[in-house]
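Notes to accompany the following structure.
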Ligand code: SAH
Ligand code: SF4
């Protein structure tokens with residue numbers, strides 16, 4: 001069976017190539033084709049000899065997922081992709097357009113085992129982890145498809161990155177390598193539901209990468225109801241890990257807080273959150289919940305405008321920087337997991353297609 005070239009870090013590839021009698025600079029050439037020119041077929045890599053091309057084709061492939069569907073927002077160009085992997089499973093990725101940069105939001109698992117109450121991905125079940133190569137390939141596939149240069153990456157698509165720790169760390173290193181895509185570590189954000197020991201490990205392994213923690217509630221009583229994993233890792237343990245992470249990296253930590261009407265959007269929640277985050281260099285993203293159809297259990301209403309503003313003002317009163325996240329792609333299946341969920345349920349009607 002052929003090996004997926006995207007699963008190897010640069011230095012590993014140097015060794016693999018050496019076994020075939022190819023020098024280090026051949027890796028550089030292939031990296032240039034794959035990451036810069038987006039040429040994935042060895043036979044088209046014309047600065048390699050025919051013999052080398054044949055050898056590489058026999059041993060390696062550059063595995064790129066197959067595009068199943070695209071949705072483009074007419075409001076802000078946010079573009080959502082549904083991909084089919086080698087084993088027929090499907091994942092989503094999203095491109096976000098800002099005036100000065102293009103950000104990719106990528107998946108780390110097929111589905112997610114955490115099953116947060118408001119999340120379409122979690123509700124659609126869990127199949128498996130993605131390999132590093134499958135994580136990296138999403139970036140290349142989007143660049144090829146939309147002819148863009150991705151400068152920022154957020155690990156905020158489907159899945160819980162820290163439950164697929166090794167492959168996620170490896171994918172970051174591959175995407176960072178200056179001989180290839182060369183994305184600065186500072187332009188990469190990993191978002192986690194909060195797994196304390198992995199958060200601390202991340203401080204050691206990828207100290208420059210930015211961290212976002214999906215907190216969503218300031219007390220265990222409330223968080224237990226929307227994030228099942230909270231029963232295992234409490235709010236206090238997560239905050240403790242965040243402090244340790246900060247001590248080690250000096251990085252500011254972003255906290256994500258999905259606001260659900262009359263559940264976690266009260267003044268008292270904001271006060272408790274401010275208290276919890278005291279002494280942490282925190283930045284809070286306030287995200288009005290994106291109602292996801294067909295999820296049972298608590299009613300997930302969007303907060304009133306005044307409740308959002310009230311929440312923000314209370315945090316600011318306590319000198320906690322925050323923003324209400326400007327929503328992107330509100331006219332498409334914006335929350336990650338929704339596009340795939342619709343495909344899995346067999347409904348195939350979309351808005352604007354790309
Ligand atoms: N598993 C990781 C990363 C993927 S989820 C994590 O939970 O952080 C990325 C973000 O999308 C999380 O902050 C999550 O809370 C948010 N999200 C999921 N479903 C949402 C919805 N219906 N409305 C608003 N945000 C949602
Ligand atoms: Fe998983 Fe994140 Fe969705 Fe929770 S919000 S189910 S951790 S992807």
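In full-length UniProt numbering, the protein residues as written are 1 to 354. For each residue, glycine too, the CB sits at the ideal point set by N, CA and C. This structure is a prediction, so every number in the text was calculated from the model and none was measured.
With the rule of 3 Cβ pairs closer than 8 angstroms, the region 281-289 counts as touching the region 254-261.
Given a length threshold of 3 residues, each whole run of the beta strand (DSSP E) inside the region 278-315 is given here in chain order: 282-288. Non-local C-beta neighbours of residue 125 in its own chain, meaning closer than 8 angstroms and more than five positions away in sequence, comprise 111, ordered along the chain.
Straight-line spacing of the CA atoms in residue 68 and residue 88 works out to 11 angstroms. Rounded to whole angstroms, the Cβ separation of residue 105 and residue 154 is 5 angstroms, and the two are in contact under 8 angstroms.
Between residue 289 and residue 302, the CB-CB gap stays under 7 angstroms. Assignment of residue 323 by DSSP, reduced to helix, strand and coil, places it in the strand class.
Inter-segment contact for the region 38-50 and the region 71-81 is absent: fewer than three beta-carbon pairs are separated by less than 8 angstroms. Contact residues of the ligand SF4 (beta-carbon closer than 5 angstroms to any heavy atom; chain order) are 112, 114, 116, 119, 121, 122, 160 and 193. Taking non-hydrogen atoms of the ligand SAH into account, the C-beta of residue 256 is found less than 6 angstroms away from one of them.
For the region 94-137, the continuous alpha helix (DSSP H) assignments of 4+ residues that do not extend past its boundaries occur at 120-123, in sequence order.
In this structure, residue 159 keeps its C-beta atom at 7 angstroms or more from the C-beta atom of residue 225.
When DSSP reads this structure, residue 155 sits in a beta bridge with 190. In the DSSP annotation of this structure, the continuous segment of the alpha helix (DSSP H) that includes residue 171 starts and ends at 165-176.
Within 6 angstroms of the C-beta of residue 214 there is at least one heavy atom belonging to the ligand SAH. Spanning the alpha carbons of residue 203 and residue 48 requires a straight line of approximately 40 angstroms. DSSP, read as helix, strand or coil, puts residue 15 in helix. Note on the region 51-98: whole beta strand (DSSP E) runs with a minimum of 3 residues are 66-72, 79-84 and 90-97, in chain order. Proximity of the beta carbon of residue 195 to the ligand SAH is not indicated: no heavy atom of the ligand is located closer than 6 angstroms. Here residue 199 carries a helix assignment [DSSP, helix/strand/coil].
The beta-carbon distance between residue 223 and residue 208, rounded to whole angstroms, is 29 angstroms. This is too long to meet the 8 angstroms contact definition.
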